[in-house]
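Peer 1:
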Amino acid sequence: MARVRPLSGFPEWTPEDRVVEAHVLSQLRHVFSLHGFAEIETRAVEPVERLSGDSEASKEIYTLGRLGASDDEDAKVGLHFDLTVPFARYVEEHQAGLAFPFRRYQIQKVWRGERPQEGRFREFYQADIDVVGRDVLPAHVEAEVAIVMVEALARLPIPATSMHINNRQLVEGFYRGVGISDVAGALRSVDKLDKLGANGVRAELNAKGVGESATDAILELARITSSDDAFAYAVDDLWHTSIQVGDAGAEDQLREGIAALAALVARVNAAVPGSAVADLRIARGLDYYTGAVYETFLDGHEDLGSICSGGRYDSLVAGGGFPGVGLSIGVSRLVSRMLAAGLARASRAVPSAVFVAVTSEETRAASDAIAMRLRARGIPCEVATSAAKFGKQIAAADRRGIPYVWFPGEVGDGEVKDIRSGQQDAADADAWRPPTEDLGPTVLHD
RNA sequence: GUGGCUAUAGCUCAGCAGGUAGAGCACCGCGUUGUGGUCGCGGGGGUCGCGGGUUCGAGCCCCGUUAGCCACCCCA
2 MARVRPLSGF
12 PEWTPEDRVV
22 EAHVLSQLRH
32 VFSLHGFAEI
42 ETRAVEPVER
52 LSGDSEASKE
62 IYTLGRLGAS
72 DDEDAKVGLH
82 FDLTVPFARY
92 VEEHQAGLAF
102 PFRRYQIQKV
112 WRGERPQEGR
122 FREFYQADID
132 VVGRDVLPAH
142 VEAEVAIVMV
152 EALARLPIPA
162 TSMHINNRQL
172 VEGFYRGVGI
182 SDVAGALRSV
192 DKLDKLGANG
202 VRAELNAKGV
212 GESATDAILE
222 LARITSSDDA
232 FAYAVDDLWH
242 TSIQVGDAGA
252 EDQLREGIAA
262 LAALVARVNA
272 AVPGSAVADL
282 RIARGLDYYT
292 GAVYETFLDG
302 HEDLGSICSG
312 GRYDSLVAGG
322 GFPGVGLSIG
332 VSRLVSRMLA
342 AGLARASRAV
352 PSAVFVAVTS
362 EETRAASDAI
372 AMRLRARGIP
382 CEVATSAAKF
392 GKQIAAADRR
402 GIPYVWFPGE
412 VGDGEVKDIR
422 SGQQDAADAD
432 AWRPPTEDLG
442 PTVLHD
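If you're matching positions, the first sequence starts at 2 in the working numbering and goes up one per residue.
1) Given residue 211, which residues of its chain have a CB within under 7 Å of its CB, disregarding the five upstream and five downstream residues?
2) Which parts of the stretch 375–409 are runs of the beta strand (DSSP E), unbroken and 3 residues or longer, counting only runs that do not cross its ends?
3) If I follow the unbroken beta strand (DSSP E) through residue 234, where does it start and stop?
4) When you compare each of 8, 110, 69 and 170 to residue 42 by their alpha carbons, which one comes out closest?
5) Starting from the Cα of residue 8, find the closest Cα among 386, 114, 27 and 28 and give me that residue.
6) Where does residue 116 sit, in a helix, a strand or coil, going by DSSP?
7) In its own chain, which residues sit with a C-beta less than 7 Å from the C-beta of residue 284, not counting the 5 before and 5 after it?
8) For residue 223 and residue 183, what's the separation of their Cα atoms in angstroms?
9) Touch check for the stretch 419–428 and the stretch 374–384: three-plus C-beta pairs under 8 Å?
10) Please work out which residues of its chain come closer than 8 Å, Cβ to Cβ, to residue 360, disregarding the five sequence neighbours upstream and downstream, and give them in chain order.
11) Excluding five sequence neighbours on each side, which residues of the same chain lie with their C-beta closer than 7 Å to the C-beta of residue 288?
12) Buried or exposed for residue 327, going by 16 or more other Cβ atoms inside 10 Å?
13) Assuming the contact rule is C-beta atoms closer than 8 Å, residue 47 and residue 78 should be a hit. Round their C-beta distance to whole Å, please.
14) Have a look at residue 308 and residue 105 and give me their C-alpha separation to the nearest angstrom.
15) For the pair the stretch 86–102 and the stretch 297–313, tell me if three or more CB-CB distances fall below 8 Å.
16) I'd like the list of long-range same chain contacts for residue 235, defined as Cβ closer than 6 Å, with 5 residues on each side in sequence excluded.
17) Spatial neighbours of residue 350 within its chain, please: C-beta separation below 8 Å, excluding the five flanking residues on both sides.
18) Is DSSP giving residue 340 helix, strand or coil here?
19) Can you pull the DSSP bridge partners for residue 150?
20) Using only the alpha-carbon positions, how far apart do residue 358 and residue 406 sit?
21) Quick check on residue 432: does DSSP put it in helix, strand or coil?
22) For residue 440 versus residue 346, is the C-beta spacing smaller than 9 Å?
23) Ordered along the chain, which non-local residues of its own chain (more than five positions away) have a Cβ less than 6 Å from that of residue 154?
24) Return the chain-ordered list of same chain residues with a C-beta closer than 7 Å to the C-beta of residue 333, the five sequence neighbours on each side being excluded.
25) Just checking my contact of residue 52 with residue 81 at CB under 8 Å: how many whole Å lie between their CB atoms?
26) Which same chain residues end up closer than 6 Å to residue 331 when comparing Cβ atoms and leaving out the 5 residues on each side of it in sequence?
27) By how many angstroms is the C-alpha of residue 151 removed from the C-alpha of residue 270?
28) Roughly how far, in whole angstroms, is the beta-carbon of residue 255 from the beta-carbon of residue 174, given that I think they are within contact range, below 8 Å?
29) Taking C-alpha atoms, which residue in 141, 101 and 132 lies nearest to residue 268?
30) Is any heavy atom in the ligand ADP found nearer than 8 Å to the beta carbon of residue 44?
31) Kindly give me the distance between the Cβ atoms of residue 135 and residue 322, rounded to whole angstroms, as I take these residues to be in contact under 8 Å.
32) What alpha helix (DSSP H) runs, 4 residues minimum, are completely inside the stretch 296–380?
33) Helix, strand or coil: how does DSSP classify residue 199 here?
34) For residue 38, does the three-state DSSP call read helix, strand or coil?
35) Have a look at residue 329 and residue 318 and give me their C-alpha separation to the nearest angstrom.
36) Name the residue from 112, 304 and 280 whose alpha carbon lies nearest to the alpha carbon of residue 262.
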């Protein structure tokens with residue numbers, strides 16, 4: 002038999018680890034629902050031509066074909082690589098049946114054919130929220146979606162997170178003002194400040210034809226960060242010393258961006274103090290963002306990269322008319338770090354709170370009956386698969402992390418033992434109940 | 001897609017002058033004949049990723065290949 006080996010980039014968890022992942026997913030659902038987001042699920046595939054809109058992304062698309070397909074039969078569909086593309090198609094297709102502004106959440110797996118490494122997978126969960134308007138979408142929604150995510154992350158058994166927010170208008174206005182034409186390209190270089198350092202970014206910008214003084218100005222801009230509106234004054238000062246081009250449009254754009262970002266950060270921090278920071282270095286590769294852009298980092302785990310990113314866009318649908326703002330949590334990235342770093346672990350691997358021992362195969366029915374009575378009252382339990390020596394049955398329960406073993410007895414229903422403390426007492430299967438915290442697996446912090 | 005490193009028991013790894021494999025953990029059994037966890041003793045498990053080559057002889061050297069990990073690219 003061929004050796005079983007892991008497939009790189011396609012993570013699989015043990016039952017115990019899956020408890021942690023399921024807990025994260027359920028917390029996210031809960032918070033999204035509390036904020037009134039409706040859940041949708043889209044099919045796993047989209048037509049290839051819809052997915053491969055930009056050539057860069059198309060390289061990582063997994064296409065679907067039949068083994069029996071003829072050689073000249075081209076793949077028609079591919080697995081989605083994010084949840085935004087399918088959502089855009091969904092909105093376009095179902096717009097008649099949707100109420101706008103449309104608030105939806107969507108938690109599904111996505112697939113990307115890139116080289117995996119720590120925190121980067123080929124198959125992984127994303128949890129997206131978006132609010133999409135019909136023709137208009139008020140600016141305060143940019144704060145609302147951020148607050149939803151910050152609240153959701155705060156409920157997870159992880160260290161604090163900080164959401165770094167920038168504004169495309171601010172950046173574009175500033176860049177135009179210092180004479181940069183390829184704003185997106187320059188921004189992509191600035192985004193690498195962490196990795197390349199100021200000198201590395203400077204070299205890249207030079208190669209892209211950005212002038213020395215403009216480079217100085219935007220590197221300086223990228224250094225600006227604040228958790229309140231202090232950044233606005235810093236930008237203002239820098240603007241006056243850096244301006245190269247008398248472009249009134251650029252300055253208007255800059256001012257709009259500054260005001261929007263200041264209001265946004267203030268609103269998010271008012272809702273969840275200390276959760277957001279204005280960070281003028283945040284770039285985001287995708288060039289369809291037009292307003293707020295977000296990246297979120299886990300304290301002490303900044304090396305993991307952003308665990309929740311997104312931004313505002315002018316229109317979800319080609320042709321316009323559907324402005325929106327959305328954020329996406331990389332659930333698998335987050336969970337893999339939680340598990341690897343031991344940030345959280347499950348109290349046990351199985352749902353069973355009680356392991357009902359079997360005295361002998363002849364009396365198995367008595368054990369089954371006790372189990373049924375416990376289940377009838379919502380207590381998860383399982384019956385021993387073999388009538389082995391009690392010592393072995395206890396060991397079997399212990400290995401699964403099941404806290405109680407029930408021994409059927411001659412009189413009454415027998416006794417139940419807490420195998421952690423050794424405490425054992427006579428019990429009635431219609432009345433006995435474990436403490437709530439023992440009823441199912443729980444997720445323990447640290 | 002580019003580059004570097006790695007591949008030995010279920011897991012983590014040792015083996016290094018080339019002389020046909022070992023530890024810890026896990027698992028099973030016994031001590032302890034129906035109440036586990038400790039301890040002691042014993043046991044099962046390996047085509048040394050795969051294919052070829054050099055050699056009297058290859059886990060070890062050479063070539064190829066596949067897979068994994070890390071970095072780049074890009075991103076959750």
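Glycine is no exception: its CB is placed at the ideal position from the N, C-alpha and C atoms.
Peer 2: To lay it out plainly:
1) Locating residue 211 in the first sequence gives position 210, counting from the first residue. Answer for residue 211: 181 and 187, listed in chain order.
2) Counting whole runs of 3 or more residues, the stretch 375–409 contains the beta strand (DSSP E) stretches 382–384 and 405–408.
3) Translated into the one-based positions of the first sequence, residue 234 becomes position 233. Run containing residue 234: none in the beta strand (DSSP E); it sits in the alpha helix (DSSP H), 231–243.
4) As a position in the first sequence, residue 42 is number 41, starting the count at 1. That would be 110, whose Cα lies nearest to the Cα of residue 42.
5) On the first sequence, residue 8 is found 7 positions in, with the first residue counted as 1. With distances taken between Cα atoms, residue 8 lies closest to 114.
6) Position 115 of the first sequence, counting from 1, holds the residue named residue 116. Under the three-state reduction of DSSP output, residue 116 falls in the coil class, being neither helix nor strand.
7) Position 283 of the first sequence, counted from the first residue, corresponds to residue 284. If the five residues before and after residue 284 are omitted, its C-beta is found closer than 7 Å to the C-beta atoms of 188, 189, 191 and 192, all from its own chain and listed in chain order.
8) Against the first sequence, residue 223 aligns to sequence position 222. Against the first sequence, residue 183 aligns to sequence position 182. CA-to-CA, the gap between residue 223 and residue 183 works out to about 17 Å.
9) Cβ pair count under 8 Å is below three, so no.
10) Numbered from 1 along the first sequence, position 359 holds the residue referred to as residue 360. Cβ neighbours of residue 360 beyond the five flanking positions: 367, 368, 388, 408 and 409.
11) For the purposes of this step, residue 288 is identified with residue 287 of the first sequence, where counting begins at 1. Contacts found: 185.
12) As a working note, residue 327 is residue 326 in the first sequence. The residue is buried, with at least 16 neighbouring Cβ atoms inside 10 Å.
13) Position 46 of the first sequence, counting from 1, holds the residue named residue 47. Position 77 of the first sequence, counting from 1, holds the residue named residue 78. With 8 Å as the limit, residue 47 and residue 78 qualify as a contact, their Cβ atoms being about 7 Å apart.
14) Residue mapping note: residue 308 aligns to position 307 of the first sequence, counting from 1. Residue mapping note: residue 105 aligns to position 104 of the first sequence, counting from 1. Straight-line Cα distance between these residues: approximately 20 Å.
15) No contact exists between the stretch 86–102 and the stretch 297–313.
16) Start at 1 with the first residue of the first sequence, and residue 235 comes out as number 234. Closer than 6 Å at Cβ, skipping near neighbours: 225.
17) Walking along the first sequence from the start, residue 350 turns up at place 349. Correct list, in chain order: 15, 16, 17, 20, 401, 402 and 442.
18) Taking the first residue of the first sequence as 1, we reach residue 340 at position 339. Three-state result, residue 340: helix.
19) Counting from one through the first sequence, the residue named residue 150 turns up at place 149. For residue 150, DSSP assigns no beta-bridge partner whatsoever.
20) Taking the first residue of the first sequence as 1, we reach residue 358 at position 357. Taking the first residue of the first sequence as 1, we reach residue 406 at position 405. Approximately 7 Å between the Cα atoms of the pair.
21) What you label residue 432 is simply residue 431 of the first sequence in a count that begins at 1. The answer is coil: DSSP assigns residue 432 none of H, G, I, E or B.
22) Within the first sequence, the letter at position 439 stands for residue 440. Within the first sequence, the letter at position 345 stands for residue 346. The criterion of a C-beta distance shorter than 9 Å is not satisfied by residue 440 and residue 346.
23) For this step, residue 154 is matched to residue 153 along the first sequence. Counting only Cβ-Cβ distances below 6 Å, and skipping sequence neighbours, we find 162.
24) By 1-based counting over the first sequence, the position of residue 333 is 332. Around residue 333: 12, 122, 125 and 126.
25) What you label residue 52 is simply residue 51 of the first sequence in a count that begins at 1. What you label residue 81 is simply residue 80 of the first sequence in a count that begins at 1. Going by Cβ atoms, the distance from residue 52 to residue 81 rounds to 7 Å, so yes, they are a contact pair.
26) In the first sequence, the residue the question calls residue 331 occupies position 330. So the list reads 308, once near-sequence residues are dropped.
27) Position 269 of the first sequence, counted from the first residue, corresponds to residue 270. Position 150 of the first sequence, counted from the first residue, corresponds to residue 151. Their Cα atoms are separated by approximately 10 Å.
28) Taking the first residue of the first sequence as 1, we reach residue 255 at position 254. Taking the first residue of the first sequence as 1, we reach residue 174 at position 173. The C-beta distance from residue 255 to residue 174 rounds to 3 Å, short enough to fall under 8 Å.
29) Within the first sequence, residue 268 is the residue found at index 267, counting from 1. Taking the Cα of residue 268 as reference, the smallest distance to any Cα among 141, 101 and 132 is reached at 141.
30) Questions concerning the ligand ADP fall outside what the structure shown contains, since it holds no ligand whatsoever.
31) Within the first sequence, the letter at position 134 stands for residue 135. Within the first sequence, the letter at position 321 stands for residue 322. About 7 Å separates the beta carbons of residue 135 and residue 322, which is inside the 8 Å limit, making them a contact pair.
32) Whole alpha helix (DSSP H) segments, 4+ residues: 332–341 and 365–377.
33) The count along the first sequence starts at 1 and reaches residue 199 at position 198. Reduced to three states, the DSSP call for residue 199 is helix.
34) In the first sequence, counting from the first residue as 1, residue 38 sits at position 37. Correct three-state label for residue 38: coil.
35) Mapped onto the first sequence, residue 329 falls at position 328. Mapped onto the first sequence, residue 318 falls at position 317. For residue 329 and residue 318, the gap between their C-alpha atoms comes out near 18 Å.
36) For the purposes of this step, residue 262 is identified with residue 261 of the first sequence, where counting begins at 1. Nearest of 112, 304 and 280 to residue 262, Cα basis: 280.
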